[in-house]
Every structure is written in C-alpha cells, then in structure tokens.
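Input: a single structure, listed below in structure tokens.
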Amino acid sequence: MPANVTKKLSALSTGVGLVLLCYMAYATIYGPYKTTFVHLAIFALCSFVALFLDSIIQNIRSKFGILKNFSLLVASVSVLGYFIIEFERLINLWGSTYLSSWDILLGGLFVIICIEASWRQSLVLGALAVTSCLYMLFGDYLPGVFSHAGMDFERFIYIVVYTSEGLFGTGLKVAATYLFMFVILGSVLRVTKTGDFMIDMANGLLGSKVGGAAKGAMAASAGLGTIVGSSIGNVLATGTFTIPLMKRTGFEPHVAAAVETNTSEGAQLVPPILGASAFIMAQLTGIPYEVIALAAVVPASLYYLSLYSVVHIEALKHNISGLPEEEIPSIKKTFTRGWHLLVAPISLFYLLLVGSYTVTFASLIAIFIAIFFGLLRKHTRFSIKELITFLSEGLSQSARITALVISIGLIQAAIVATGLGPRLTDIILDFSNGSLLMTASLTVIAATILGMGMPTPITYLLLAMFAAPALIECGSTVLSAHLFLFYFAIKSGSTPPVALVAVVAASIAEANWFRTAMTAFIHSLPGFAVAFMFLYQPALLFDGTSDEIFFAILKATLAVLAITSGIQGWLLSWLSLGERLVLILSGIAVFNELLTINLVGFILISAIFFFRYFYPEVKIIK
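The following block contains the structure:
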C-alpha cells in the first residue's frame, strides 16, 4: 500500500485525537455534553476510532488485518453512534424487558468490541473480562460458594451495557476523568523539555556524590514521575538520558536499568500528586485527596531512603565515584535557564491542594500554562508540528489505556450483579484463616498476576475490588489497606515473570531483562518491608498521636537501613553472611509491635554497627 495512505491514516488518527482533546477541554470547562452517558460514549467513540486506525497502520501489509480493524472501527462508530442518538430512551430503561432487539444486538456487539480491544492490550485483563461474562451467564451451574441465581442474556446485556455498573461504569469513568488529562500533560511536559531540566537539577545537586549518576537519576525520576504518573512513561522520559550516564560512570547495564526501574516506579508514591491512582483512591474510599497525599509522605521517604542506600552501596562495591566535575551542571545556571518550567507543576499542585479543583480542570490549566511558559523562552520553544507530534503520541497512549480499562466494567458487573464480592472476601478470609499477614501476602501475589503489562491505576483498581475488603476485614484501616494495594500495584511493573517496566529499562540499557527485573526486585525488598510496616502501624501514615507517629517513623527508618545493609552486605565495611542475616532479622524485629523484641533488634543492630565502626576487620559472625 502506498506510503501516502499510511500518512493519511496517521493524520486522520491524530485528527480524531485532537477532536477528542478539544471536546474534553470543553467538557472540563462547561460540563459533559447532554449527560454523563453521552459524554462517556463520545470519549469511547473517539478512543476506539483512534485505536483501530492505529491498528490498521500497524497491519498495513496484511489484508486480513486491515479488514478486521476496519470492521471493528465501523462497528464502534455504529454502536456508539446509536447509543448517543438514542441516549434519552436508553438512560431511562427500567429493566431488561424494555430492551429492543437493536438494543440487545448492538449491546452484545459493544461487549465483543470492548473485549477485543482489551485483549490486545493485556491477555490477563482480556481473559478476566471473558471469564466475567461467562460467569454472569453460566455461573448458576457452578457448585458451592461460586454459584449464583442465574442470569439470562437480555439481563446480562442490560447490566453490562446500559447501567453504571458495567462498561459505562468505573473503568471508563476513570479513563475519562483521571487518566486522559494526565497522559496529555505528560506529553506536553516532554515537548517543553521539563524532564531535561529536572535531570540537570538533580545531577547538579547529587552528581558529585558517590554513585552520583544513579542518585541524580533517583531525584529526577521522583520529580518528574509524580506528575507523569506512569512508570513506563517515566523510564522513557528520564531513562534515555540517565541510564547511559550511569553506565558510563561504571554501573553495570542491568544495575543501571534496575535503578531507573525502581526510581520511576517509586515516583508514583511521591506527594503531592502520586499519579492518577491517588484520585481514584479518593473516589473509591471517600478519603479526601489531601489526606492521601499527606499519608504517602513517610512511605515515599522510606522507599527512597532504601533506594539511596542501595545505590550508595552498589557504588562502593564497584568503586564508582561521582560525575566528572565538568559534567556536573551548575545549579544556579540550570535553575536560571529553566525555572519557568516549574510554573506548570506548581500550578497543578496549587489547584489540586489549595484550590480543590477537579483533576481534569487542574490538569487542563497546567497543560495551557506549560505550553505558554515553554514558548516563552527560546531554548524551550517548540514548533506546532513538534507539539502535535507529542500530543499524538499521548492521545494514542490514552486510546490504548481506554481500551484496556473499559473491560473492567465487565469485571465490576460480575462482582456486583452476582453478589460475588462479599463471597470473594469470605473465600480469601477462609483461605488465610483471618490472618492479616497471610491475606496481605496473597494480595501481593494477586498484584503480580493482575499487574502483568497493565498501568498502575488499572492494577490498583482491580486490587481494590478484589482484595481491599478482605484486608479491612482482617483489621487494617481503610487508608492502610488501599495504600498497601497501591504500593504493590506500582511494584508489579518490575516483579517477574512479566516485569514490563524492567523490560523497557533493560532495552534502553541493552541489558538482559530478566537479570534487570531480578536486580530491581532485590533492590526493592527493603521497600517491600515498608509497605507491610504501614499496614500494621498506621501511625506511619500520620494516623495516630504525635508520640506514636514519631516512634513509628524512628523504628521504620532504623528497620529500613538495617534491612538494606543486610541485603546489600555493607555497613561501614563489608559484612559476613551471618552478620547480614542478623541485620535483616533485627530490622524486622525493630518494627515489631512488642517493645522487648524492639530492644533485642536495636541491641543487635547497635552491636554490629559498633564493631564495624571500631573494628572493621573483625567479623562478629562468620
């Protein structure tokens, strides 16, 4: 097929995306067109058209691929166009008996389109969507607790297509309300070179330290990632610069990729934004966004403390010093050249935390501010063509996320309409025997499975549906349970066997992806302990008296440092295997709820520290 056809299709896809952007800007300022149902239908329509146009371009040499994707595109336009035209009647249906033959036929076609679109993005989520449909239709044939009262096809279509508990429910609302504008904001920040500015600032601050390239990468990823809200997006935005720099200063390729993986993931924990997931959490739990942002301060600090310690010890192992003096940017000059790029992030923070504006409105204003200030100075100026190119990439990413997230409505419908939710909680509690530790461990496994290839907000949303009630039933607070699930939704991106974030970082580093994933996993172990700490002691989330909060932070800090030193094998000097094991166990003991066990752990840590400081050659334990 001629190249000009591909260009025309690409231009058409970009045009559809830009139309969607204009509509979403209009809806953000003036409210949804007609009703929420129509608003979501327009959003899904544009997203699917862009998605299937992109798929046609990717399969341009395959006649079958072109035919298949063109058929899906026409079907999407037909179905969603029908929904938009007939919206008044459809939103006032009283039940499945009021559905017309066209309602049932086109509703069934929409379910197939959504499953196909979702399947392309994630086999796991696609399989869950299919299983949910089969369970609703045939679950009455199952034995025991999984059986339900039964559901005919008409009622199935009514619930999953024409109610807010299905495809026009939580998943699609999350994509339209939280994810879309964040993705576009991330694209705008990239075209304005905000990431480059943050990298230079980070290297100016930390570049001279031991292992300075890796420490600078941590700071840059944390600064940009809290706004971007995507681990993979953060790796691509900062890793293309930081990973080669780490390699050049002496870090092994897989270690450099692992450092970037962990820092890019951890950025979603960094207040005040925490990516889009924090807003989803606020909606699901009813906890104010400001409370969630404040609660994340200590966990994020402990996470980066552990990573900083890991990076420091890795640098000592391989005798890696800081960046050469001539390569360390001047903080003053960097800030003078790039301070204007901070106006958009600061405005976003202000609008969210002080102004209490909606996420979409705050993000939209931040997009306009970022574009304005980017054009203000010559060295950050960009052309209209460059802006459209970056926006096109963001819009395509948004379409893929929408295709992924919309089928969550099928899972939600299966849980709600069949009464599976409460029974699922009982099943988990029976299996774990009501133990918070066992239940939490099961959710970590679930997070790893559900998070295969999926963005953090989607993984968190699924975990919130499945696992949060069980954790709360075991005694966890609502905030602790949801932050725990959020944490492991983030880390699922680097946990084998899939580890998509690690795969992306490894490709940049030209390293083995599995070795990168395993290194990132080992480096993350002290951070894993942090999550279990705040699950057991909500004082780490500022939920308690001032004394409780102070001692919880003190114990957690000591525990993290001890566990990190034990895993990495260094505390002022190199440790024996026995000393490492004692440090890890002592770190766990320090954070135990019993004071006597705390004291034992503290004494053992102090003893090893004392001997390493005064007698670095003496091994207490062989």
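Its first residue numbered 889, the sequence shown is counted upward by one per residue in this note's numbering.
Just so it is clear, CB atoms sit at the ideal spot from N, CA and C, and this is done for glycine as well.
These numbers were taken from a predicted model, which means no experiment stands behind them.
Beta carbon of residue i nearer than 9 Å to that of residue j
| i | j | result |
| --- | --- | --- |
| G1262 | L1324 | no |
| T1404 | A1145 | yes |
| L847 | A932 | No answer is possible for residue 847: it lies beyond the span of the chain, which begins at 889 and ends at 1510. |
| V1392 | V1143 | no |
| F1376 | A1419 | yes |
| L1359 | A1334 | no |
| F925 | F975 | yes |
| R1311 | F1034 | yes |
| F1167 | V1071 | no |
| A1037 | L1283 | no |
| E1202 | Q1456 | yes |
| H927 | T1173 | no |
| I1131 | L1367 | no |
| V1098 | S950 | no |
| F971 | L981 | no |
| F1430 | V1198 | no |
| T1268 | L1230 | no |
| L1112 | G1083 | yes |
| A1232 | I1257 | yes |
| A1394 | M1024 | no |
| L1073 | I1303 | no |
| S1096 | L1013 | no |
Supposed close pair residue i, residue j - CB separation, criterion 8 Å
| i | j | result |
| --- | --- | --- |
| I1496 | L1471 | 6 Å |
| S1194 | G1415 | 5 Å |
| V1332 | T1149 | Wrong, their Cβ atoms sit about 18 Å apart, outside the cutoff. |
| G1339 | G1381 | 6 Å |
| I1001 | S964 | 6 Å |
| L1292 | S1118 | That belief does not hold up - the Cβ atoms of L1292 and S1118 are roughly 13 Å apart, past 8 Å. |
| T1290 | A1063 | 4 Å |
| A1155 | A1090 | In fact, because the Cβ distance is near 12 Å, the residues do not count as touching under 8 Å. |
| S1165 | T1365 | Contact flag wrong, Cβ pair sits at about 18 Å. |
| E1042 | S989 | With a Cβ gap of about 10 Å, E1042 and S989 do not count as contacting. |
| G905 | S1280 | 6 Å |
| V1076 | I1259 | 6 Å |
| L1157 | P1187 | 6 Å |
Sequence-distant residues of the same chain with beta carbon closer than 8 Å to residue i, five excluded per side
| i | result |
| --- | --- |
| E1274 | V1079 |
| A913 | L1252 |
| V999 | C1021, I1045, V1048, V1049, L1055, L1298 |
| L1317 | T1327, A1358, E1361, C1362 |
| L900 | L941 |
| L1373 | T1331, A1335, Y1348, L1351, A1352, A1355, A1356, L1359 |
Neighbourhood of residue i by C-beta distance below 6 Å, restricted to the same chain and skipping five residues each side
| i | result |
| --- | --- |
| G1226 | F1085 |
| I1120 | V1389, V1392 |
| Q1425 | A1440 |
| E1436 | A1427 |
| F1237 | P1160 |
| F1129 | I1087 |
| A1450 | L1471, S1474, G1475, I1493 |
| A1447 | G1475, V1478, F1479 |
| A1181 | P1159, P1160 |
| L1067 | A1164, I1289 |
| L1459 | S1453, R1500 |
| L1465 | none |
Residues that DSSP places opposite residue i in a beta bridge
| i | result |
| --- | --- |
| S1461 | L1459 |
Close-in-space but distant-in-sequence residues of the same chain around residue i (CB under 7 Å, 5 per side omitted)
| i | result |
| --- | --- |
| V1488 | A1477 |
| G1322 | C1362 |
| A1017 | I1003, S1006, S1295, L1298, I1299 |
| G1092 | I1216, P1217, S1218, I1219, T1222 |
| L1512 | Look at the range of the chain in this structure, 889 to 1510, and you will see that residue 1512 is not part of it. |
| Y921 | A915, H927, I930 |
| H1200 | V1098, G1099 |
| I1410 | I1455 |
| G1307 | H1036 |
| G996 | I1045 |
beta-carbon residue i near the ligand NAD non-hydrogen atom, thresh 8 Å
| i | result |
| --- | --- |
| I1441 | With respect to small molecules bound, the structure shown includes none, and the ligand NAD cannot be examined in it. |
(message) Give the list of continuous alpha helix (DSSP H) stretches no shorter than 4 residues that lie fully inside the stretch 1084 to 1151.
(response) 1100 to 1116, 1119 to 1122, 1128 to 1137
(request) Write down every uninterrupted run of the alpha helix (DSSP H) in the stretch 1157 to 1187 whose length is 4 residues or greater and which is fully enclosed by it, in chain order. (result) 1165 to 1173, 1177 to 1183
(request) Within the stretch 906 to 978, note down every full alpha helix (DSSP H) run reaching 4 residues or more, in order along the chain. (result) 924 to 946, 951 to 973, 975 to 978
(message) My parser needs the beta strand (DSSP E) runs of 3 or more residues fully inside the stretch 1216 to 1241; what are they?
(response) Entirely contained in the stretch 1216 to 1241, not one beta strand (DSSP E) run reaches 3 residues.
(request) Return the chain-ordered ranges of every alpha helix (DSSP H) run that is complete within the stretch 1316 to 1347 and spans a minimum of 4 residues. (result) 1324 to 1338
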